[in-house]
Structures are given as structure tokens and as C-alpha cells.
Amino acid sequence: MPELPEVETVRRGLADHVLGRTITEVEVFHPRSIRRHLTGAVDFAGRLVGHRVEAVSRRGKYLWAELSSAEALLAHLGMSGQMLIRPGSAPAEIHLRVRVRFADDGPELRFVDQRTFGGLSVEELTVVDGTTVPLPVAHIGRDPMDPLFDLEAVVAAMRRKRTEVKRALLDQNLVSGIGNIYADEALWRARLHWARPTDRLSVAKVRELLAAATEVMAEALVAGGTSFDALYVNTNGESGYFDRSLAAYGQEGLPCPRCGRPIRREPFMNRSSFSCPRCQPRPRS
DNA sequence: CAACCGCCCTGGGTGC
DNA sequence: TGCACCCAGGGCGGTT
Numbered sequence: 001m002p003e004l005p006e007v008e009t010v011r012r013g014l015a016d017h018v019l020g021r022t023i024t025e026v027e028v029f030h031p032r033s034i035r036r037h038l039t040g041a042v043d044f045a046g047r048l049v050g051h052r053v054e055a056v057s058r059r060g061k062y063l064w065a066e067l068s069s070a071e072a073l074l075a076h077l078g079m080s081g082q083m084l085i086r087p088g089s090a091p092a093e094i095h096l097r098v099r100v101r102f103a104d105d106g107p108e109l110r111f112v113d114q115r116t117f118g119g120l121s122v123e124e125l126t127v128v129d130g131t132t133v134p135l136p137v138a139h140i141g142r143d144p145m146d147p148l149f150d151l152e153a154v155v156a157a158m159r160r161k162r163t164e165v166k167r168a169l170l171d172q173n174l175v176s177g178i179g180n181i182y183a184d185e186a187l188w189r190a191r192l193h194w195a196r197p198t199d200r201l202s203v204a205k206v207r208e209l210l211a212a213a214t215e216v217m218a219e220a221l222v223a224g225g226t227s228f229d230a231l232y233v234n235t236n237g238e239s240g241y242f243d244r245s246l247a248a249y250g251q252e253g254l255p256c257p258r259c260g261r262p263i264r265r266e267p268f269m270n271r272s273s274f275s276c277p278r279c280q281p282r283p284r285s
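Residue numbering for the first sequence follows the numbering used here, beginning at 1 and increasing consecutively.
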């Protein structure tokens, strides 16, 4: 499940392999993978062919290549999206959705996505708060790895919300890049239950929580990200190994690394939240 | 407007 | 063995 560390790992791989290369051919094999490109596959390909990749950027879970056309190829990996760099001679992957070839005849870029929650589109760029981003990213908050991330502003905004702390942590408009895995890990590190109301947390506690989120994602980035199966891989098709370092997420019944009590699993927004019953007691309702 | 809910989608895993 | 069902989950549109 690609969150910030996984998307950043992919960004680095793309920067290594497609920067400076000119696109010559684009094939779309599944319309759903470009559903956010409203003008369709022909226009999608037409806006890419002939243009050079000038930068590969990221905000939160969004990834994009800035092109010599002054537009950007925007990608969101969803749950299972992969950006693979492969020789053109390699057999097509079962879930190959989009293929991009380059003028130098070197390795091609393949967007592979089993569950098709991810997708690509070509977007105009806009400047928000001094930073150039694709239009659909304009409303996405800066992520904690962004040099211009304003910690105190996010702490204040989070405490102004009237919601549960995990919902706030997952709100990409507030702070981006955090998904279910790193939200649970950050809450575990900060010893907060996911249902705690944000407006009753101290400034210090919210700071601690955001610091924990930043820290756990930085550690995961060093490990190449978190992979439970072959769904998340880098541009070379390799899995990360941060799953071995998870304290709470997916650890139901296993001992809490801090106190030894079995990690519990609770339903949360039609999915699951993992926490320690002793370190992260439920709030009194 | 803020908060929240349901839907989109596929295939690996599980239980009968 | 085979089938039905569950589950993962970010973003978005619709509703309260």
C-alpha cells in the first residue's frame, strides 16, 4: 500500500531512469487507469509524445513528471499501482495498464496496477504558496518531508478540527502522505488511541504525534518502504522490508513491542485500526 | 462549509 | 475441489 515512503522510493527510481528522456510512444491498455484524464486516451498520449521529462516530483502520495510542454504526467498509485522500468523486450505484466517508450530506445516505463485504484493523467501546472504543482494537487497539504512543511500551522489546524485524531491524520488536505499503515504506527508511537478527539489534545501531544509520523516514514524510506506482498515494489520490481519493523499495523494478537500486551484490531471506516490496549487506551466517551 | 458515508475494483485468502 | 464471501484501501462525489 504505497504511502509517502513507498511513493518517494518510486520517485527516486523514476528520477534515476526517465529524467531527460523524450517520450515517443504511449499505449493505454485499460481506460480506467486514465479515468481522471477526462479527454481520453488519444489526447493523453498526444500530450506526452515529443516531450522531455524535466523533473520528477512528489507531494504526499502524488507523483508527477514535469514535461518540456510545461504540463505534467501525474500519477497516483492507489493501492496497487506500480511504476516499473523494464526492457521493451520483457513480456507484458498481467496487469499492465499503460506503456511509455522513449526516443533513446532504452528501458520503457510501465504502469502496472492490479486493482485499478491508481491512475495517470496529464495536467496543467499551477503555483501554490510558491511551489509549482499539478492542478489536482493544489489542495493537497505539504507532507512532513517537504522543506516548507509548517509544523506549527498543522498542529493548530489539527486541534481546530472536530473529529477523531486518526481521521485528521489521514486528511490529505491537512498533512499529506500518511495512510492507514503509518497512521497506526504514529499513533502507537505517540500512545494515542485513534478515536481521541483532536480538539482535546494538547499542542505538545499533537506535535509528538506529527513528529512520530515523520520519524516512522523516514525510517520506512530507509528500508525501501513497506511491502506485505508483491503489490508494492520499486521501479526495479523489488519489495521494501519495513513490514518487519511495524509495531502495530497488521500485528493483531502479537505482543506490543513496548508492553507485551496483544495488539488489538478494531473496525475503523470500513477497514481496520491496530493499537495496543494498554499503551493506547480508548477515550472515555 | 465541515464532517462523514458509500462506492469504486481485483484477486488472494478463507471457510464451508 | 469449487464456490461464495471477505478484505485491503485513497479519493471523490453526494449527503447531512
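Glycine residues also receive a C-beta, built at the ideal position from the N, C-alpha and C atoms.
Everything numeric in this text was worked out from a predicted model, so none of it was measured.
The stretch 158–177 makes no contact with the stretch 222–241, as fewer than three CB pairs between them are under 8 Å.
In this chain, the alpha helix (DSSP H) harbouring M158 covers 151–160. Residue burial annotation: H139 is exposed, with fewer than 16 other C-beta atoms found within 10 angstroms of its C-beta.
Sorting H95, R58, G106 by C-alpha distance to the C-alpha of G20 places G106 at the top.
The three-state reading of DSSP puts F29 in coil, since its state is none of H, G, I, E or B. In this structure, the straight-line span from the alpha carbon of P91 to that of R110 is close to 11 Å. Selection R189, G141, T116, K161 evaluated against L96 yields T116 as nearest (Cα-Cα).
By the Cβ-count criterion, L209 is buried, with 16 or more other Cβ atoms from all chains shown falling within 10 Å of its own Cβ.
Leaving aside the five residues that flank P136 on each side, the residues in its chain whose CB is nearer than 8 Å to its CB run, in chain order, R36, Y62, L74, S121, E123. In this chain, the beta strand (DSSP E) harbouring G81 covers 81–86. In chain order, V10, G13, L14, H17, M83, L84, I85 place their CB closer than 7 Å to the CB of T235, counting only its own chain and leaving out the 5 sequence neighbours on each side. Relative to the Cα of A72, the nearest Cα in the group S80, G81, R58 belongs to R58.
In the DSSP assignment, the residues bridged to A55 are E66. For the options G130, V7, W194, D143, the alpha carbon positioned closest to that of E266 is the one of W194. The beta carbon of P87 sits closer than 7 Å to those of P107, all from its chain and outside the five residues before and after it, given in chain order. The stretch 107–176 contains, as complete beta strand (DSSP E) runs of 3+ residues, the segments 108–113, 119–128, 131–134 (chain order).
Excluding the 5 residues flanking it on each side, S275 has same chain C-beta neighbours closer than 8 Å at D184, L187, W188, H193, W194, A248, I263, R264, E266, in chain order. Look at H37 here: in three-state DSSP terms it is coil, with no helix or strand label.
Taking every protein chain shown into account, the CB of S202 has fewer than 16 other CB atoms within 10 angstroms, so this residue is exposed.
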